[in-house]
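First up is the structure itself, then whatever we jot down about it.
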Amino acid sequence: MTQKLKISAIELLPERLLVGYCSILNSNIVSYYYNYVWTKFMERIYEIPGLQDRELYGVCTNLQFNGLFEYWTAVAVEPGLEAPADLTPIPLGAGTYGSRVDKPARPLPMMYGRLGQYWQTPDYYVLNWKLPCYELYKPDWYNRAVVKICIPLHLNFDASRRLSLG
323 MTQKLKISAI
333 ELLPERLLVG
343 YCSILNSNIV
353 SYYYNYVWTK
363 FMERIYEIPG
373 LQDRELYGVC
383 TNLQFNGLFE
393 YWTAVAVEPG
403 LEAPADLTPI
413 PLGAGTYGSR
423 VDKPARPLPM
433 MYGRLGQYWQ
443 TPDYYVLNWK
453 LPCYELYKPD
463 WYNRAVVKIC
473 IPLHLNFDAS
483 RRLSLG
């Protein structure tokens, strides 16, 4: 059995605006396509003035039981920025996230396709399937070789209620 990754912090994160590309990936055969979509995206980012040295995001949405999901390669932007027509605006909703800063040891979207298998949620929290999972790459991520992985959570009201009732 795979050792589960522990979440190191629980954070209430604000809404952010991103722009990027969407690809449909399969969590069972993601390695090749993961590298391809990031290469394609980074080539485009370096052609657009003002989008270098920003936070980059890999956002996983619309997880399906057959392993398919949407994977967005995206960059953070300010509201009102005129993004190129080929980049789609992606609002990343505010919410409670469990996070972990780590070295990306395996293609991260593969882990999103199997959240229950790879992640140990903290006591009294469960996965929130209404918000996307994502990885955050700070501008200096390549030098540090770390990524912040964020998994959406919400309070498990049944468990917290049992605790309060004793």
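Read in order, the letters of the sequence shown correspond to residues 323 to 488 in our numbering.
Heads up, the beta-carbon is just placed ideally off N, CA and C, and yes, glycines get one too.
As the structure is a prediction and not an experimental result, all values here were calculated from the model.
Three-way DSSP call (helix, strand, coil) for residue i in this model
i	result
Tyr356	helix
Lys452	coil
Pro474	strand
Between the CA atoms of residue j and residue i - distance to the nearest angstrom
i	j	result
Ser486	Leu449	Confidence is the limiting factor: at Ser486 the pLDDT is only 49, short of 50, which leaves the residue's position unreliable, though a coordinate-based value still follows. If you take the alpha carbons of Ser486 and Leu449, they lie about 21 Å apart.
Pro461	Asp445	32 Å
Trp360	Asn348	15 Å
Tyr456	Gly372	23 Å
Pro454	Ser421	13 Å
Leu390	Pro401	30 Å
Thr418	Phe479	14 Å
Tyr468	Leu339	One detail in the question is off: residue 468 reads as Val in this sequence, not Tyr. Near 22 Å, if we compare the C-alpha coordinates of Leu339 and Val468.
Lys425	Ile471	10 Å
Tyr358	His476	33 Å
Glu365	Lys328	34 Å
Buried/exposed call for residue i, threshold 16 Cβ in 10 Å
i	result
Val423	exposed
Ile332	exposed
Gly380	buried
Lys452	exposed
Gly342	buried
Leu409	buried
Ser330	exposed
Pro336	exposed
Ile346	exposed
Tyr368	exposed
Leu414	buried
Anticipated Cβ contact below 8 Å, residue i with residue j, distance rounded
i	j	result
Ala396	Ile370	Actually they are not in contact, since the Cβ atoms of Ala396 and Ile370 sit about 13 Å apart, beyond 8 Å.
Tyr459	Leu378	4 Å
Whole runs of the beta strand (DSSP E) within the stretch 361-408, excluding any shorter than 3 residues: 378-383, 390-399
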